[in-house]
Amino acid sequence: GNSVTQMEGPVTLSEEAFLTINCTYTATGYPSLFWYVQYPGEGLQLLLKATKADDKGSNKGFEATYRKETTSFHLEKGSVQVSDSAVYFCALSDIRGSTLGRLYFGRGTQLTVWP
Amino acid sequence: DSGVTQTPKHLITATGQRVTLRCSPRSGDLSVYWYQQSLDQGLQFLIQYYNGEERAKGNILERFSAQQFPDLHSELNLSSLELGDSALYFCASSVEDRTNSPLHFGNGTRLTVT
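Quick mapping for you: the protein sequence lines, in order, are chains B and U.
Everything in the first sequence is counted per our numbering, starting at 19 for the first residue and increasing by one.
Everything in the second sequence is counted per our numbering, starting at 411 for the first residue and increasing by one.
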């Protein structure tokens, strides 16, 4: 089946620190991979995506590379800001059958950045 | 602003009752998804509609039902409510029902069952 495992939080960093949030997946087909971000009191927003192996998604200084050999899609940012404090969700979408379009989410990782 | 509108924002009701959550998708989006977010289960996919037709079902209880209307808005009906149904319910929409089509989420309806 399809599933996503991401690192447990919370993650607490100082401003300008380097961020890594690990994400690994299990999929029956050839999934697309996503990172979504949820700010307090809001819905999830797409942060970045990658649709095939070795693709790198990037947005707002965040990056993630689709690694088929390690079934991973780790999120990284070189220098975090206080405004990056949010919950980050790794997700996959499988191309097969009735699951078209449906996203499978990890449990989310709470990031808090201190000034 | 994602363009997806969910009403109401908050709902407090008693066990055994029935409620309806409403979602208006982003303009032009044909596909609507419902998700339940709770502390113990995380984000759980409930059901998906595409252009008025049910497309996929997830972990949706028999007490729950949904539909998508001709104007593409969707409603999620929750009946015989239990304490464990307390959660944040998200609606999301996308242009089509394909793998690469990103989802746009509303801000959710927070349901509290007392």
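Glycine included, each C-beta is placed from N, C-alpha and C at the ideal position.
{"Check": "Given Gly75(B), which residues of its chain have a CB within under 6 Å of its CB, disregarding the five upstream and five downstream residues?", "Outcome": "Leu66, Lys67, Ala68 and Ala82"}
{"Check": "Extract the residue ranges of the beta strand (DSSP E) inside the region 20–80 of chain B, only unbroken runs of 3 or more that lie entirely within it.", "Outcome": "21–24, 29–32, 37–39, 41–44, 50–56, 62–68 and 74–77"}
{"Check": "Does the beta carbon of Ser475(U) sit closer than 8 Å to a beta carbon anywhere in chain B?", "Outcome": "no"}
{"Check": "Thinking Ser412(U) and Phe500(U) are a contact (beta carbons under 8 Å), I'd like their distance in whole angstroms, please.", "Outcome": "Actually they are not in contact, since the Cβ atoms of Ser412(U) and Phe500(U) sit about 11 Å apart, beyond 8 Å."}
{"Check": "Where do the N-terminal and C-terminal ends of the beta strand (DSSP E) with Gly452(U) fall, by residue?", "Outcome": "Gly452 to Tyr460"}
{"Check": "Can you list, in chain order, the residues of its chain with a C-beta nearer than 6 Å to that of Leu493(U)? Leave out the 5 residues immediately preceding and following it.", "Outcome": "Val523"}
{"Check": "Between Gly47(B) and the ligand SAH, is the CB less than 7 Å from at least one heavy atom?", "Outcome": "Ligands are entirely absent from the displayed structure, and the ligand SAH is therefore not among its contents."}
{"Check": "Pull out every residue of the region 57–83 of chain B whose Cβ sits closer than 9 Å to any Cβ of chain U, in chain order.", "Outcome": "Gly59, Glu60, Gly61, Leu62, Gln63, Leu64, Lys67 and Thr69"}
{"Check": "Let me make sure I understand the geometry here. Which of Phe123(B), Thr46(B) and Trp53(B) has the alpha-carbon closest to that of Ser80(B)?", "Outcome": "For the record, residue 80(B) in the displayed sequence is Phe; it is not Ser. Selected option, being the one with the closest Cα: Trp53(B)."}
{"Check": "Give the secondary structure of Ser116(B) by DSSP, where H, G and I count as helix, E and B as strand, and everything else as coil.", "Outcome": "With a pLDDT of 47 at Ser116(B), under the threshold of 50, the modelled position of this residue cannot be trusted, and the question is left open."}
{"Check": "Where Thr88(B) and Val414(U) are concerned, what is the direct C-alpha to C-alpha distance, given to the nearest angstrom?", "Outcome": "35 Å"}
{"Check": "Could you compute how far the alpha carbon of Phe36(B) sits from the alpha carbon of Glu94(B)?", "Outcome": "7 Å"}
{"Check": "Do you know how far the Cα of Gly126(B) is from the Cα of Asp450(U)?", "Outcome": "12 Å"}
{"Check": "Check whether the Cβ of Gln478(U) lies closer than 8 Å to any Cβ atom in chain B.", "Outcome": "no"}
{"Check": "Which residue from Leu486(U), Leu431(U), Leu513(U) and Asn469(U) puts its Cα closest to that of Gly438(U)?", "Outcome": "Leu513(U)"}
{"Check": "So the beta strand (DSSP E) Lys95(B) belongs to, where does it begin and stop?", "Outcome": "Leu93 to Lys95"}
{"Check": "Can you check whether the CB of Asp112(B) is closer than 8 Å to the CB of Ala45(B)?", "Outcome": "yes"}
{"Check": "Could you tell me which of Arg120(B), Gln63(B) and Glu34(B) sits nearest to Asn77(B), measuring between CA atoms?", "Outcome": "Gln63(B)"}
{"Check": "At a Cβ threshold of 8 Å, is Pro512(U) touching chain C?", "Outcome": "Among the protein chains in the structure shown, which are B and U, there is no chain C."}
{"Check": "Excluding sequence positions up to five away, which residues of its chain have a Cβ less than 6 Å from the Cβ of Leu482(U)?", "Outcome": "Pro435"}
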